[in-house]
Amino acid sequence: MFRNTARCLDALFVVAGGLLAHWMRFSTSVALPDTERLLIAFNCVLMLLMFPGFGVYETWRGKALTSMLARVAAAWLAVVATALLLAFTLHRMDFVSRLWFAYSTLISGVLIIATKCAVHVALRNLRRRGMNFRTVAIVGARGFSRTLLAHLEHAPQAGFKPVCVFDNSIDAGIDTSIEGAGAYGATHGARLNGLPVLTDLDAFAAKVRDEHVNEVWLALPLSEEPTIYRFQRMFRNDFVNLRFIPDVRSLSLFNHSLVDVVGLPTLNLSATPFSSPQMWPKLIFDRLFAAAALLTLAPVFLVLAAGIKLTSPGPVFFRQTRKGADGEPFSIYKFRSMTVHHEAHGQLTQASRNDARVTKLGGFMRRTSLDELPQFLNVLLGQMSVVGPRPHAIEHDDLYKDQVYGYMHRYRIKPGITGWAQVNGYRGATRKVEKMEARVKFDLFYIHNWSFWFDMKIVFITIFKGFVSRNAF
Numbered sequence: 004m005f006r007n008t009a010r011c012l013d014a015l016f017v018v019a020g021g022l023l024a025h026w027m028r029f030s031t032s033v034a035l036p037d038t039e040r041l042l043i044a045f046n047c048v049l050m051l052l053m054f055p056g057f058g059v060y061e062t063w064r065g066k067a068l069t070s071m072l073a074r075v076a077a078a079w080l081a082v083v084a085t086a087l088l089l090a091f092t093l094h095r096m097d098f099v100s101r102l103w104f105a106y107s108t109l110i111s112g113v114l115i116i117a118t119k120c121a122v123h124v125a126l127r128n129l130r131r132r133g134m135n136f137r138t139v140a141i142v143g144a145r146g147f148s149r150t151l152l153a154h155l156e157h158a159p160q161a162g163f164k165p166v167c168v169f170d171n172s173i174d175a176g177i178d179t180s181i182e183g184a185g186a187y188g189a190t191h192g193a194r195l196n197g198l199p200v201l202t203d204l205d206a207f208a209a210k211v212r213d214e215h216v217n218e219v220w221l222a223l224p225l226s227e228e229p230t231i232y233r234f235q236r237m238f239r240n241d242f243v244n245l246r247f248i249p250d251v252r253s254l255s256l257f258n259h260s261l262v263d264v265v266g267l268p269t270l271n272l273s274a275t276p277f278s279s280p281q282m283w284p285k286l287i288f289d290r291l292f293a294a295a296a297l298l299t300l301a302p303v304f305l306v307l308a309a310g311i312k313l314t315s316p317g318p319v320f321f322r323q324t325r326k327g328a329d330g331e332p333f334s335i336y337k338f339r340s341m342t343v344h345h346e347a348h349g350q351l352t353q354a355s356r357n358d359a360r361v362t363k364l365g366g367f368m369r370r371t372s373l374d375e376l377p378q379f380l381n382v383l384l385g386q387m388s389v390v391g392p393r394p395h396a397i398e399h400d401d402l403y404k405d406q407v408y409g410y411m412h413r414y415r416i417k418p419g420i421t422g423w424a425q426v427n428g429y430r431g432a433t434r435k436v437e438k439m440e441a442r443v444k445f446d447l448f449y450i451h452n453w454s455f456w457f458d459m460k461i462v463f464i465t466i467f468k469g470f471v472s473r474n475a476f
């Protein structure tokens, strides 16, 4: 019913866009010509045929609004391009006003996208108020089930309401972490996050059927293939949505995404986490911000360069090889803050408090992060990003890659001048493995939760509190 209404509305908006464009272009004194009517009809028919193929009328419950709007916009542009091609093929474009065509495309597209956006936002608000929800029963060990429940609790706008948990673990009745569970508690009124925990399969199936539960989520490890088949057979005659949410926590601590590779569904265990289109806003921002920073800070560069040359012999810039995205090496630029010295191959001595190698001007630059400013050159060259995990010296990479789990995953994206770890106080020397573990934890959180607006938040924090640090010396 809802999908048919959406289709009718979209067709109405196509017609309305054509009529409004005609009124704007010619006023009401000129009748709608046959060619414009033909194009409007083409758009309506093509929209009804092509929109479903783009997934426009699929349920968008629990999915990102931006993803939905991007798909709708792509579908509408495909419809318009196809209609344009048909008109050219029929040699009718000579009779079409280009301005009318542009107006109608823009007006219809805005009406379609704005309406879907408004409906999506309205449904999210309804679901936050406990309406328009779908009930969910979760199958899995209590640890992962608790994680899923926490996700649902923090996303009420998705409209999923959990009603019970089926614990398929062998020792289901022993774990006292379940509320109210003593010995065999899971079969006698045990609860998890306020929900009943069942261990009897028949009782679980009866509850799903009696309460008309909409969805059953199988939160199981990949090794539980027989269990998955068992639930598929059990509910094969029921109109309940079965979803498999693989519990892959034992494989690694990284995000896992399902992607299409040569037509095969593939689960990424360790791969570059973002596609190129996702990163376009970040790439554009990096170049513009770096260019603006270099132009604005040019006088500061000149003053610091003169100060370095006057206070200690040696070059103005310090260059060192670091790893970039996917481990590609590059030369990072810094203002030289130490006297020129040489160390044994493979050895790197970190700066310490009252380090004799650090010049007076160098100490000031390190405390205020002014020594990092030349890295905007690296950003402009595409080797670094404004925001990202800080790149460490190659010697430190070799030291920590086997000691800190997930350490090298930081290099799956471009390193940054500032990062989530830095604005949370994790910068400067790291002489203990525990400190590096904490820093890596913040870096991985950033990667797993990246968005363009998260970058903007980090930039804002850095500008107001991130330049000066007691840990830098």
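Residues in the sequence shown are numbered consecutively from 4, following the working numbering. Using N, Cα and C, we set each Cβ at its ideal position, and we do this for glycine too.
Quiz item: For the beta strand (DSSP E) that contains Gly168, what are its first and last residues?
Solution: Before going on, a small fix: residue 168 reads as Val here, not Gly. Annotation: the continuous beta strand (DSSP E) that includes Val168 extends over 163-169.
Quiz prompt | Buried or exposed by the 16-neighbour rule on C-beta atoms within 10 Å, applied to Tyr232 | solution = Exposed, since its Cβ has fewer than 16 Cβ neighbours within 10 Å.
Quiz item: Who are the Cβ neighbours of Lys89 in its own chain at under 6 Å, not counting the five residues just before and after it?
Solution: In the sequence on display, residue 89 carries Leu and not Lys. Excluding the 5 residues flanking it on each side, Leu89 has same chain C-beta neighbours closer than 6 Å at Phe45, in chain order.
Practice problem: Report the residue from Val83, Leu80, Gly58 whose alpha carbon sits nearest the alpha carbon of Leu71. | Solution: Note on residue identity: the sequence assigns Met, not Leu, to residue 71. The option with the nearest alpha carbon to Met71 is Gly58.
Practice problem: Measure from the alpha carbon of Phe136 to the alpha carbon of each residue in Val216, Val142, His154, then state which is nearest. | Solution: That would be Val216, whose Cα lies nearest to the Cα of Phe136.
Quiz prompt | Rounded straight-line distance, which links the Cα of Val462 to that of Ala328 | solution = One C-alpha to the other measures close to 20 Å.
Self-check item: Whether Ile159 touches Arg131 by CB criterion (8 Å)
Solution: Reading off the sequence, residue 159 comes out as Pro, not Ile. For Pro159 and Arg131, yes; Cβs fall inside 8 Å.
Quiz item: Which residue comes first and which comes last in the beta strand (DSSP E) that contains Tyr336?
Solution: Where Tyr336 is concerned, the enclosing beta strand (DSSP E) stretches over 332-338.
Exercise. Put Ala209 into one of helix, strand or coil per three-state DSSP.
Key: Here Ala209 sits in helix by DSSP.
Practice problem: Just list the alpha helix (DSSP H) runs in the region 440-474, keeping only unbroken ones of 4 residues or longer that don't cross its boundaries, in chain order. | Solution: DSSP runs (the alpha helix (DSSP H)) wholly in the region 440-474: 455-464.
Quiz prompt | For Thr150, the nearest candidate out of Arg64, Ser100, Thr342, Asp250 (CA to CA) | solution = Here the closest residue by C-alpha is Asp250.
Self-check item: As assigned by DSSP and simplified to three states, the class of Thr190
Solution: Its pLDDT being 46, under 50, Thr190 is placed unreliably in this model, and the value from its coordinates should be taken loosely. Thr190: helix per DSSP, three-state reduction.
Quiz item: In the DSSP assignment, what residue or residues form a beta bridge with Lys417?
Solution: Partner(s): none; Lys417 has no beta bridge.
Self-check item: Sequence-distant residues of its chain with Cβ nearer than 7 Å to Asp37 (five each side left out)
Solution: Closer than 7 Å at Cβ, skipping near neighbours: no residue.
Quiz item: Between Leu297 and the rest of its own chain, which residues show a CB-CB distance below 6 Å, the 5 nearest in sequence each way excluded?
Solution: Cβ neighbours of Leu297 beyond the five flanking positions: Phe379.
Quiz item: Which class does Val219 belong to by DSSP, given the choice of helix, strand or coil?
Solution: Note: Val219 maps to strand in three-state DSSP.
Practice problem: Within its chain, find whatever has a CB closer than 8 Å to the CB of Ser111; leave out the 5 residues flanking it on each side and keep chain order. | Solution: These residues qualify, in order along the chain: Phe16, Val17, Ala19, Gly20, Gly21, Asn46, Trp79.
Exercise. For the alpha helix (DSSP H) containing Gly197, list its first residue and its last residue.
Key: For Gly197, no alpha helix (DSSP H) encloses it, and the DSSP letter there is neither H nor E.
Quiz prompt | Neighbourhood of Phe242 by C-beta distance below 6 Å, restricted to the same chain and skipping five residues each side | solution = Around Phe242: no qualifying Cβ.
Quiz item: Could you give the distance in angstroms between the alpha-carbon of Lys337 and the alpha-carbon of Ser315?
Solution: The straight-line gap from Cα to Cα measures roughly 16 Å.
Quiz item: Between Ala117 and Tyr408, what straight-line distance do the alpha-carbon atoms span, to the nearest angstrom?
Solution: Between the C-alpha atoms of Ala117 and Tyr408 there is a straight-line separation of about 45 Å.
Quiz item: Buried or exposed: Val436, going by 16 or more other Cβ atoms within 10 Å of its Cβ?
Solution: Under this definition Val436 is an exposed residue.
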